[in-house]
Structure formats: C-alpha cells, structure tokens
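Under UniProt numbering, read the sequence shown as residues 1 to 89, first letter to last. Glycine included, each C-beta is placed from N, C-alpha and C at the ideal position. Just so you know, these numbers come straight off a predicted model, no measurement behind them.
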Amino acid sequence: MDLHGHQIVVDFAFLPFGGEPRKCVGDQFALMESTVALAMLLRKFNVELRDPPGQVELVMGATIHTKAGLWCNLKLMSAAPFGVTSKPL
1 MDLHGHQIVV DFAFLPFGGE PRKCVGDQFA LMESTVALAM LLRKFNVELR
51 DPPGQVELVM GATIHTKAGL WCNLKLMSAA PFGVTSKPL
C-alpha cells in the first residue's frame, strides 16, 4: 500500500506490539498489567448497564460483539466493599 507517494506499509506496522521477528518481548506483561490496572480502578465503582440487557444487539462474525457497544454508567462507591483497601499492600 502506498501512503504518501514514497512510504510503504510494512507487515505489522499498525500492531501495538509489532510482530515477528521483532515482536515486543514484554507484550504479554503489558497487556496483563493494563488488565490489573483497569480491575483496580473499577473496584471503586458500581457498574450498571445503561440499557436493559434485552436491548443489547449482538453481531456474529469471527467473534461475537455488540452492534453499538456496551454502554455503562459508573457510580463512585461511597464506601469500599468489604476487604477492599484504597492503600497499596
């Protein structure tokens, strides 16, 4: 694919962690770290679906996903649930 007359797209150019043979050695760690960070952030919120579950439309392709996203409302919890601390261990 020609981008600007002189730039050529190479394989894996648009993948976040690249691809073989120059694949990022820390990609799995980075993905796990982001998952843990998101989980720690979401512990402080109540998550509720914006629309009733019956109104969420699914689309089937290579994967099953929602047609228009899964919209949620976040409400900050007034008190942390039992066993959850806001300070690092």
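If we define contact as Cβ-Cβ less than 8 Å, is Lys75 a contact residue for chain D? Looking at the structure shown, chain D is missing, and only one protein chain is on hand.
*Cα separation between Val25 and Gly18?*
Here residue 25 corresponds to residue number 25 of the sequence shown, with the count starting at 1. Here residue 18 corresponds to residue number 18 of the sequence shown, with the count starting at 1. Computed Cα separation, rounded: 10 Å.
Requested in this report: Can you tell me the Cβ-Cβ gap for residue 123 and Cys72, rounded? I've got them flagged as a contact below 8 Å.
Outcome: With the chain covering 1 to 89 only, the question about residue 123 has no answer from this structure.
#### Entry: Among Thr66, Lys44 and Val59, nearest to Leu74 - alpha-carbon criterion
For the purposes of this step, residue 74 is taken as residue 74 along the sequence shown, with counting starting at 1. Comparing Cα positions, the closest option is Lys44.
| message | Are the CB atoms of Glu57 and Asp63 within a distance shorter than 8 Å? | response | For the purposes of this step, residue 63 is taken as the residue at position 63 of the sequence shown. For the purposes of this step, residue 57 is taken as the residue at position 57 of the sequence shown. For the sequence presented, residue 63 should be read as Thr rather than Asp. Going by C-beta atoms, Thr63 is not nearer than 8 Å to Glu57.
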